[in-house]
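The block underneath contains the structure these notes are about, expressed in structure tokens.
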Amino acid sequence: MKADTEIDLKVKIGGCILRNPVMTASGTFGYGREFEDFIDLTRLGAVVVKGISLLPRAGNPPPRVVETPCGMLNAIGLENVGVEAFVQDKLPWLQRTGATVVVNILGNTVDEYAELAQRLDNVEGVAAVEVNISCPNVKEGGVAFGTDPAMAAAVTGAVRRACKLPLIIKLSPNVTDIQLMARSVAEAGADAVSLINTLLGMAIDLQSRRPKLANVVGGLSGPAIKPVALRMVWQAAQAVKIPVIGIGGIMTAEDALEFIIAGATAVQVGTANFINPRATDEIINGIVEYLAQHNMRSINELRNTLRT
Amino acid sequence: MKADTEIDLKVKIGGCILRNPVMTASGTFGYGREFEDFIDLTRLGAVVVKGISLLPRAGNPPPRVVETPCGMLNAIGLENVGVEAFVQDKLPWLQRTGATVVVNILGNTVDEYAELAQRLDNVEGVAAVEVNISCPNVKEGGVAFGTDPAMAAAVTGAVRRACKLPLIIKLSPNVTDIQLMARSVAEAGADAVSLINTLLGMAIDLQSRRPKLANVVGGLSGPAIKPVALRMVWQAAQAVKIPVIGIGGIMTAEDALEFIIAGATAVQVGTANFINPRATDEIINGIVEYLAQHNMRSINELRNTLRT
Amino acid sequence: MPGQYLATIESNEDLGAGVCRLTILAPEIAAAGRPGQFVMLRSGRGLDPLLSRPFSLHQTMADGRMQVLFKVLGEGTRRLAALAAGASVAIVGPLGRGFALTPPPTGTRLGLIGGGIGVAPLLFLAREIQRLLPDGTALDVLLGARSKAELAPLLADFRALGLEPAVATDDGSLGHHGLVPELIDQQWGQEGSHCRVFCCGPWPMMAAVASRCRERGWACQVSLEAMMACGFSACLGCAVAGSGKRERYFHVCKDGPVFQAEDVNWG
Amino acid sequence: MPGQYLATIESNEDLGAGVCRLTILAPEIAAAGRPGQFVMLRSGRGLDPLLSRPFSLHQTMADGRMQVLFKVLGEGTRRLAALAAGASVAIVGPLGRGFALTPPPTGTRLGLIGGGIGVAPLLFLAREIQRLLPDGTALDVLLGARSKAELAPLLADFRALGLEPAVATDDGSLGHHGLVPELIDQQWGQEGSHCRVFCCGPWPMMAAVASRCRERGWACQVSLEAMMACGFSACLGCAVAGSGKRERYFHVCKDGPVFQAEDVNWG
Ligand SMILES: Cc1cc2nc3c(=O)[nH]c(=O)nc-3n(C[C@H](O)[C@H](O)[C@H](O)COP(=O)(O)OP(=O)(O)OC[C@H]3O[C@@H](n4cnc5c(N)ncnc54)[C@H](O)[C@@H]3O)c2cc1C
Ligand SMILES: Cc1cc2nc3c(=O)[nH]c(=O)nc-3n(C[C@H](O)[C@H](O)[C@H](O)COP(=O)(O)OP(=O)(O)OC[C@H]3O[C@@H](n4cnc5c(N)ncnc54)[C@H](O)[C@@H]3O)c2cc1C
Ligand SMILES: Cc1cc2nc3c(=O)[nH]c(=O)nc-3n(C[C@H](O)[C@H](O)[C@H](O)COP(=O)(O)O)c2cc1C
Ligand SMILES: Cc1cc2nc3c(=O)[nH]c(=O)nc-3n(C[C@H](O)[C@H](O)[C@H](O)COP(=O)(O)O)c2cc1C
Ligand code: FES
Ligand code: FES
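Protein chains in written order, with the working numbering: chain A, 5 to 312; chain B, 5 to 312; chain C, -3 to 263; chain D, -3 to 263.
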């Protein structure tokens, strides 16, 4: 394996330059510190923290997670400490490590999203904002923002106006036309899109005849969803000019490389962190190894090279 | 295990009474005869044959299938012998066995669907028609019929007018709102809906940087998709009054029972047939066993008993 | 400080009744682990089952080895049960907060109560109590199980520490014919504020023990279970409802697995 | 007539160079199987890997046993390689159409050509040729491999039939230093319409053999591979492009795996 230094892994997301294309996926990496005993956070492209709301949220009643074939369902219910506690208690430690921090935000209304973005705008140590639009719009009967192009564009526009930070819109896969969604948020001012969030799924306990999740439905993640994620990332990369960040079932460097070949500028590693807390680190090493083997000097030579 | 005879497994789909709720999924059971060495077809609720078009189709170039985590992608390209050869060469054998035969149909236009339905209408040995609407509408730029409620309703209406057979509309999962799709086709005259067809996915070969399927994208099936299927079946069962047939990742009797608890009147077994050609038979036995253990006399006592 | 290791199985004993004891060479965990803490284990390269499985530390040894004691339930434990000596297993640990072992007021009896496979962490706890607490601290062990076969292999380990557990079995094949919470009355009577209880077992059993302790004003620590995806507070999946005194939800992997019974919402 | 069985592994031999030979007790398949046919194998209860894997019949024996010879590539073959004697394996077979063995005109040489693990079905084929075809039918075996280590353990089996394969290796460690199709010229010269070839190996090697046979007007049967989900013509996944003489696409599991080379589109 050649040393990192010989191969250029840097990628650009909006105005933000990442050391390498390997980020963590929101909700699977806590606030970063949960991994301090396992890996050096400064090696990562970026740490995307657990989704943050204006006020703290306690989350859903248990059971909140259940295993499925090659995957898992979660209905955490967006438990988080709220933006003030995040800025005061969580961010400073992350900032001291020197990690690149992306803050994932969520809201119940367009205004909440905007308020969150504004609150984070001039906070030191925040490199970019990722907007989770897979949340129910309480003003529109609980339909998720991310399943309607107009609502998604409205959130994007509001956040865009509220802050100058690089803006990543995180798309929901539970839609008919992912290209339409990607284009809508790109036109509304997104600097990048990330996808996919979890697929909506369900599991039933046969003995009690109850849902295995207290919330009845939950989000499916892990290797099971990788084929769907890869297809959507490839479609999105063809639909928009802004960078696409690939997410979904990435367990190994091979998986990450497939997303990059399909057109992703960067990737996020989610469920894999639970099973192998060093997964991101190993994936970075594996990417370097592959590029070296294929005599590539830069990750940019690999991106979007799928021969169809 | 109690004998089948003590427990009533019969279910009704439109005017059609099935011996039990276990059907085969189209495209995973050939024309039935492929399984003659493995199981007794008359034990099955119904045999759903490979999708039939007006004219024979050669299908897609290889590679056509690829394995994925707990699943597989296929891009067979709807290879089939065409309706005339089906009626003349394939159906008579099936009919002689005494199996209940459901014919899955597909077309490029609304008219093709109607013509197929008409052709099958008075053919002896056809118990019902299942309409695969996950096909590209060539008159509408190749968008799948099954991703647009109006187009899906148009196909349903046309087939409804063209034949008197019980009519099952097979829904695509690649949509934002499965309840809307189910309601649209129910209102347009469907006797039942079956779901889910495959999720659109993709796989990439890292060495050649080519898609692993010649068709680039393909349909994801198998245990990986079961949580998504179960969620959609549960949602559909709450949205419509007509019977719902559950499909997606069913490998065992436990899986089938979960779909029935979620509201399915019957289930279809797909990918499992490839791995275990006796899967349907074992699932029927397992259902009987469960009902006996739980002192139920009829499968109807179990349906839609999810306690949320 | 938890770590992630690829550890070697030193031995795998089938104790009968579907219970296995794995001895694992994992020096860092053996050195750092406390009673009541747990590890996440995963075997094999396959992606199904996907998640690691949590197991209490059954014992740590001075020579870098540690043990888990587990019951075979589904595919995850079946895989672990199939591991041969020399095989590798992915391990993360030690994790969570174990039993709190503050010196009790003189005259306090300590009671260890285990139900079923809930006995797993109690041997380590008993050893630590003997090591850390003042000589002469009275220590009782009450164990419950379905039948004699489940319990018998474990009694010898307690006897080696000079402890003779009181036993209850569902089928009466050993000791008291009944449930282990009933042993509380039998062994310690109804009154007195002189007991401190450490409990691990199925939820209804722990709820019954917690309620008896509350009635008597006894301190009671319980080791809870929850579905876990990570084990180190990254997924927030392992929530358990609090009694309202401190938090709406606790996270079993971080705030526990050992809790004060009064902090838990027994539902 | 194919069937589905839960069969027992009788032995599992590691032949080195990542090649294993499984002996399986499967009386129905051993009795019915013909050279060139295959079976689908699957081991374990897990759902990943999901699909069964196709393997040629390497040998069938009179006592109800059969063998497959395989190379360890990914997780599916890794699992099979880990099977111990006494373990079970799910098996479906015998499947597909094997080699056509019509008596050749007198004076015809029969040539068996194997490349890499493509040697697997040829031993069975050689034995059947010796059994079925007229005495004195000339039978040559040409084998290619990466290196000596891959080939050596298999030569003994052919020698036991009185056959001495001509050998080519990529690294020259045994026999001809080069590719196996080159042995055709070496062994049988350029001219003559007196050969009938049976070939199994990697696609480029079979394409080269097919082209040499076409030039010479020799009949050539090839055993093809394709990604398979079922093995018994239920999925239609195993398509391979035809030369246009008969069909647009063949299905390897039903129309093959053995084809006349001229029916195949070599691309
Ligand atoms: C902190 C903690 C300590 C534990 N210590 C022990 C121990 O010392 N000995 C022992 O035998 N068991 C222990 N368990 C329970 C053990 O984790 C489960 O029995 C095991 O995970 C079952 O896995 P499986 O694949 O065999 O079963 P599965 O087929 O996956 O499931 C069987 C049942 O086990 C439970 N389970 C499955 N996965 C998990 C998971 N990731 N987290 C929690 N529960 C799960 C579920 O209730 C499920 O219904 C502990 C659990 C926790 C949370
Ligand atoms: C008719 C037929 C007969 C065969 N006979 C033999 C034999 O006798 N000995 C032998 O070593 N190999 C044989 N093969 C190839 C063998 O099936 C593959 O090597 C095996 O499936 C690889 O599985 P894996 O999980 O180890 O590898 P994977 O990691 O799954 O894949 C490695 C490669 O193997 C191939 N492969 C994987 N799954 C399949 C499948 N279901 N069908 C076809 N190819 C697949 C793919 O090209 C893949 O890139 C035969 C294949 C066919 C179609
Ligand atoms: C337990 C869990 C919690 C998650 N929480 C969030 C969240 O707060 N915000 C968000 O945008 N995505 C969240 N996600 C989605 C992931 O970031 C990611 O999009 C998804 O899990 C797919 O990637 P994976 O298959 O690699 O896990 C969560 C996922 C999991 C498994
Ligand atoms: C190889 C293959 C071919 C299929 N062909 C058809 C088809 O012709 N018509 C159709 O409606 N569905 C077809 N399907 C979809 C299945 O009927 C089923 O809806 C899907 O596979 C999900 O079920 P499963 O997970 O049990 O396989 C096909 C699926 C597979 C795997
Ligand atoms: S198990 Fe993941 S947070 Fe506790
Ligand atoms: S492998 Fe399924 S049809 Fe050939």
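Even glycine gets a Cβ: it sits at the ideal position worked out from N, Cα and C.
Which residues in chain D have a C-beta closer than 8 Å to the C-beta of arginine 4/B? List them in chain order. Outside the displayed range of chain B (5 to 312) lies residue 4/B, so it cannot be described from this structure.
Check your understanding: By DSSP, does asparagine 304/A sit in helix, in strand, or in coil?
Key -> DSSP places asparagine 304/A in helix when its eight states are reduced to three.
Practice problem: Please list the residues of the region 206 to 236 of chain A that have a C-beta atom closer than 9 Å to any C-beta atom in chain B, keeping them in chain order. | Solution: Taking 9 Å as the Cβ-Cβ cut-off against chain B, the residues of the region 206 to 236 of chain A that qualify are Met206, Ala207, Ile208, Asp209, Leu210, Ser212, Arg213, Arg214, Pro215, Val220, Val221, Gly222, Leu224, Gly226, Pro227, Ala228, Ile229, Lys230, Pro231, Val232, Ala233, Leu234, Arg235, Met236.
message = Any heavy atom of ligand 3 inside 7 Å of the beta-carbon of alanine 230/D?
response = Not so, every heavy atom of ligand 3 lies at least 7 Å from the Cβ.
Checklist line | Alpha carbon of threonine 312/A to alpha carbon of lysine 216/B, nearest angstrom | finding: Rounded to whole angstroms, threonine 312/A and lysine 216/B show a C-alpha spacing of 10 Å.
inquiry  = Check this for me: beta carbons of asparagine 108/A and threonine 151/A, under 8 Å apart or not?
reply    = No.
Straight-line gap, histidine 247/D to arginine 105/D (C-alpha atoms, nearest Å)
Distance from the CA of histidine 247/D to the CA of arginine 105/D, rounded to the nearest whole angstrom, comes to 30 Å.
Quick check: the region 215 to 229 of chain D against the region 82 to 100 of chain D, are there 3 or more CB pairs under 8 Å?
When Cβ pairs closer than 8 Å are counted between the two stretches, the region 215 to 229 of chain D is seen to touch the region 82 to 100 of chain D, the count reaching three or more.
Exercise. Is there a Cβ from chain C that is less than 8 Å from the Cβ of aspartate 3/A?
Worked result: Chain A is shown only over 5 to 312; residue 3/A falls outside these bounds and no answer can be derived.
Exercise for review: Quick one: give me the first and last residue of the beta strand (DSSP E) that cysteine 191/D is part of.
Suggested key: For cysteine 191/D, the uninterrupted beta strand (DSSP E) segment begins and ends at 191 to 196.
task = Answer with yes or no whether the minimum CB distance from arginine 17/D to chain C is below 8 Å.
result = Output row for arginine 17/D: interface = no.
Chain-ordered neighbours of asparagine 78/A on chain C, where CB pairs are closer than 9 Å: Chain C residues near asparagine 78/A: Ala225, Cys231, Leu232, Gly233.
Margin query: According to DSSP, is arginine 155/C part of a helix, a strand, or is it coil?
Written below: Here arginine 155/C sits in helix by DSSP.
(request) Select from the region 15 to 37 of chain B all residues with a C-beta closer than 8 Å to any C-beta belonging to chain D, and list them in chain order. (result) Hits within the stretch, in order: Gly31, Thr32, Phe33, Gly34.
Quiz item: Could one say the Cβ of alanine 62/A lies closer than 8 Å to chain C's Cβ atoms, at least one of them?
Solution: Using a CB distance cut-off of 8 Å, alanine 62/A counts as an interface residue toward chain C.
Closer than 7 Å to a non-hydrogen atom of ligand 1 - does that hold for the CB of phenylalanine 246/C? Flag unset: Cβ of phenylalanine 246/C not near ligand 1.
Any beta carbon from chain C within less than 8 Å of glycine 75/A's own beta carbon? Taking 8 Å as the threshold, the shortest C-beta distance from glycine 75/A to chain C falls below it.
- [ ] May I have a chain-ordered list of the beta strand (DSSP E) segments no shorter than 3 residues that lie completely inside the region 38 to 91 of chain B?
- [x] If we require 3 residues or more, the beta strand (DSSP E) runs fully inside the region 38 to 91 of chain B come out as 69 to 72, 75 to 78.
Residue of Leu199/A, Lys94/A, Ala158/A, Thr72/A minimising C-alpha distance to glutamate 134/A: Comparing Cα positions, the closest option is Leu199/A.
field: chain C within 8 Å of asparagine 277/A, Cβ atoms only
entry: Contact of asparagine 277/A with chain C is assigned, a C-beta pair being separated by under 8 Å.
Q) Can methionine 76/A and serine 225/A be called in contact, C-beta distance under 8 Å? A) Closer than 8 Å, so yes.
Give the DSSP-derived three-state secondary structure of glycine 161/B in the structure shown. Looking at glycine 161/B - three-state DSSP - the assignment turns out to be helix.
Query - Residues of the region 174 to 203 of chain A with Cβ closer than 7 Å to any Cβ of chain B, in chain order - result: Along the region 174 to 203 of chain A, the positions whose C-beta sits under 7 Å from a C-beta of chain B are Asn178, Val179, Thr180, Leu203, read in chain order.
* **Beta-carbon proximity of leucine 82/A to glycine 36/A, cut-off 8 Å** => No.
### Query
chain D partners of valine 317/B, CB-CB under 8 Å?
In the structure displayed, chain B extends from 5 to 312; residue 317/B sits before or after that span and is not available.
*How would you write the range of the alpha helix (DSSP H) that methionine 185/A sits in, first residue to last?*
Start and end: 182 to 191.
inquiry  = Taking a contact to mean a Cβ-Cβ separation below 8 Å, would you say isoleucine 229/B touches valine 197/B in this structure?
reply    = At a Cβ-Cβ threshold of 8 Å, isoleucine 229/B and valine 197/B do not count as neighbours.
key: Residue range of the alpha helix (DSSP H) that includes glutamine 211/A   = First-last for glutamine 211/A: undefined, no H or E at that position.
Rounded to whole angstroms, what's the CA-CA distance from phenylalanine 66/C to serine 52/C? Just pull it up for me.
-> Near 9 Å, if we compare the C-alpha coordinates of serine 52/C and phenylalanine 66/C.
- Using the C-alpha atoms, what's the distance from glycine 223/B back to threonine 202/B? When only Cα atoms are considered, threonine 202/B and glycine 223/B end up about 5 Å apart.
Checklist entry - Taking a cut of 9 Å between CB atoms, which residues from the region 106 to 138 of chain C lie near chain A? => result Answer set for the region 106 to 138 of chain C: empty.
**Prompt:** For glycine 107/C, which residues does DSSP report across the bridge?
**Reply:** Per DSSP, the beta bridge partners of glycine 107/C are Asp136/C, Val193/C.
- Query: Between leucine 175/B and isoleucine 21/B, what straight-line distance do the alpha-carbon atoms span, to the nearest angstrom?
  - Reply: Between the alpha carbons of leucine 175/B and isoleucine 21/B lies a distance of about 22 Å.
| message | Given this structure, state the Cα-to-Cα distance separating arginine 244/C from arginine 68/A, to the nearest angstrom. | response | C-alpha separation (whole angstroms): 14 Å.
Notebook entry, point to check: Interface residues of chain A around threonine 309/B at Cβ under 8 Å?
Noted result: Result: Arg213.
TODO: Using a Cβ-Cβ cut-off of 8 Å, state whether aspartate 44/D counts as contacting chain C.
DONE: Closer than 8 Å to some Cβ of chain C, the Cβ of aspartate 44/D qualifies, so yes.
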